[in-house]
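Heads up: take any position in the sequence shown, counting from 1, add 28, and you land on the working numbering. Glycine included, C-beta positions come from ideal geometry on N, C-alpha and C. It should be emphasised that the depicted structure is a prediction, and the values quoted were computed from it without experimental measurement. First up is the structure itself, then whatever we jot down about it.
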Amino acid sequence: MGMEHEIKLSLPPGQIGAATQWFIRRAGSAGRTVTLENTYFDTPALTLARAKSAVRVRRTPDGWLQTYKTVGSAKDGLHSRHEWEMPVKGNALEIDALLDACDDEPSKQALRRARDELIPLFSTNFSRTIWHVSIEGADVEAAVDQGEILADVNGETRRAPICEIELELKNGDAGALHALSAELAKAIHGLQPDDTSKAQRGYRLREDGGSR
């Protein structure tokens, strides 16, 4: 079972340039920018959402990935959750492989109940600029995400912007995420911890137009 630990920070659009320059100085590199296109699936009855989980297919420059995540816990922007991820052949879920990998029984049962009724619900499409930052003996993948969430509801296309920083722990103690977040807060005006994932925002967009 994989555990993902990351801090998410809401970034004011006017501070994108300042954040980018800060990471260039901190990491000593220009970073790498990739385009990520993601489709999230659930049943019409929202079986996975009710089980506090989410499943998606992601198109990356290196190919397709499928990911199954639990909501987990989130406090002060720090998200901790189970995650299972693997490559797939194309823009389609391979549920059997996810079920084989999933070693949390409640999560496995939720996915098994949902599998025959899964439909695409919404998408998150964004550019991600990535740096690797060392702090307190830890390796952190830092990213600036810019793009939008889209959901088609009764013939209406709903949109919500994505503008955020994600700090994901790759190796080391999770305390390093708080240390790096504190450095950022001193340098970038207007950053706010964000306890709501992109998937949760997508569901809200479908339900109520995306009010946070």
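Query: Simplified DSSP assignment, three categories, for R143; Result: helix
Query: Cα-Cα separation, A82 to D167; Result: 26 Å
Query: Beta-carbon separation (whole angstroms), T98 vs S38, contact threshold 8 Å; Result: That belief does not hold up - the Cβ atoms of T98 and S38 are roughly 22 Å apart, past 8 Å.
Query: Own chain residues within Cβ distance below 8 Å of S239, not counting five before or after; Result: Residue confidence for S239 is low, a pLDDT of 49 falling below 50, so the modelled location carries little weight and cannot support an answer.
Query: Buried/exposed call for E34, threshold 16 Cβ in 10 Å; Result: buried
Query: Exposure label - N66; buried when at least 16 CB within 10 Å; Result: buried
Query: Bridge partners - H110, DSSP secondary structure assignment; Result: M31
Query: Residue of K198, T224 and A120 minimising C-alpha distance to I163; Result: K198
Query: Nearest-angstrom Cα separation, counted from M31 out to A170; Result: 17 Å
Query: Own chain, CB closer than 7 Å to S57, minus 5 neighbours either side, in chain order; Result: W159
Query: Own chain, CB closer than 6 Å to R141, minus 5 neighbours either side, in chain order; Result: T75
Query: Alpha-carbon spacing of G91 relative to P115, whole angstroms; Result: 7 Å
Query: Limits of the beta strand (DSSP E) - the one that E65 falls within; Result: R60 to D70
Query: Same chain, Cβ closer than 8 Å to A207, neighbours up to 5 away in sequence not counted; Result: I163 and E164
Query: CA-to-CA distance, A213 to G200, given in whole angstroms; Result: 21 Å
Query: Continuous beta strand (DSSP E) stretch holding T224: start and end; Result: Looking at the DSSP string, T224 is not in any beta strand (DSSP E), and its letter there is neither H nor E.
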